[in-house]
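One structure is given below, encoded as structure tokens.
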Amino acid sequence: ELVVTQELGNILEKPKGHVQGVYFRFWQHLLWASEFQAKFDIQLYDMKQVSLKQEGHRYILFVPGLAEARPSVLRGDEVHITWNDRLFKGRVVTTRLLEVVLEFSRSFESQFNTTFDTVDVQFTFSRMTFRTSHEGCRLAETYMAPLLLPSLK
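Just so you know, we're using the numbering used here here: the sequence shown kicks off at 64 and counts up by one.
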């Protein structure tokens, strides 16, 4: 079987034979494909020209579909806001049913006017799960290969 995408090319070919390194590389490639897909999927929810509401030093972003976890936004995630051709990174403080509560730097807060200004929103996801999984593949190949791929001798 072959997984083919424009970005990944033909890197995910099902391993032939029982060569240890081939299987571990295959699982790493599957992780990269999953990460690429997650990045692609989250970009489908990017928004243009949306308003923010201010609550104290925090900003509220209405996100259609959030209740159905589309997109999946978690506390601590980073949300990129483009306003006046400048990129600001916001941190998700909490999520509500259809809203995300964000914190930004003081420079954004001092310049942004919620009455008149709109922003473009780009959602991101944390790579921590993928990093941990990649590290697990590396460690499995080094320390657990005989257990995971026993010899038939």
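Glycine included, every Cβ here is placed at the ideal spot set by N, Cα and C.
Given the structure is predicted, the values throughout are model-derived calculations rather than measurements.
Under 8 Å between C-beta atoms, does residue i make it to chain D?
i	result
R133	Structure shown: chain D not included; a single protein chain is present.
Any idea if residue i is buried or exposed, counting beta-carbon neighbours within 10 angstroms, 16 or more meaning buried?
i	result
P134	buried
L165	buried
F167	buried
T205	exposed
Y140	Looking at the sequence provided, one finds Asp at residue 140 rather than Tyr. Its Cβ being crowded by 16 or more others within 10 Å, D140 is buried.
V126	buried
T158	buried
Need the endpoints of the alpha helix (DSSP H) that residue i sits in, please.
i	result
E131	Per DSSP, E131 belongs to no alpha helix (DSSP H) and is neither H nor E.
L165	Not the alpha helix (DSSP H): L165 falls in the beta strand (DSSP E), residues 162-166.
E198	191-202
L277	Only positions 64 to 216 of the chain appear in this structure, which leaves residue 277 out of reach.
P209	208-211
Give every residue of the same chain whose Cβ lies closer than 7 Å to the Cβ of residue i, excluding the five residues on either side of it in the sequence, and list them in chain order.
i	result
H143	L150, K152, Q185, T187
L211	A203
H197	Q91, L94
Do you know offhand how far residue i's Cα is from residue j's?
i	j	result
V67	Q174	No answer about V67 holds up, because its pLDDT of 49 lies below 50 and its placement is not dependable.
F87	I123	43 Å
A132	S170	31 Å
W90	N176	48 Å
K116	D104	26 Å
L107	T192	21 Å
K111	V182	7 Å
W146	D180	8 Å
V155	V136	8 Å
A101	S214	35 Å
E172	D109	22 Å
H120	S114	16 Å
T178	D148	18 Å
E118	T195	36 Å
Quick one: residues in its chain with C-beta nearer than 6 Å to the C-beta of residue i, no 5 flanking neighbours on either side, listed in chain order?
i	result
L160	A130
Under 8 Å Cβ to Cβ from residue i, same chain only, skipping five residues before and after it: list those, please.
i	result
E98	R190, F193
E55	This structure cannot speak to residue 55, because the chain is shown only from 64 to 216.
C200	F87, W90, Q91, L94
R138	V155, V156, T157, T158
Those runs of the alpha helix (DSSP H) which lie wholly inside the stretch 141-189 and span at least 4 residues: 169-174
Any chance you could list the alpha helix (DSSP H) runs of at least 4 consecutive residues sitting entirely within the stretch 79-111, in chain order? 83-106
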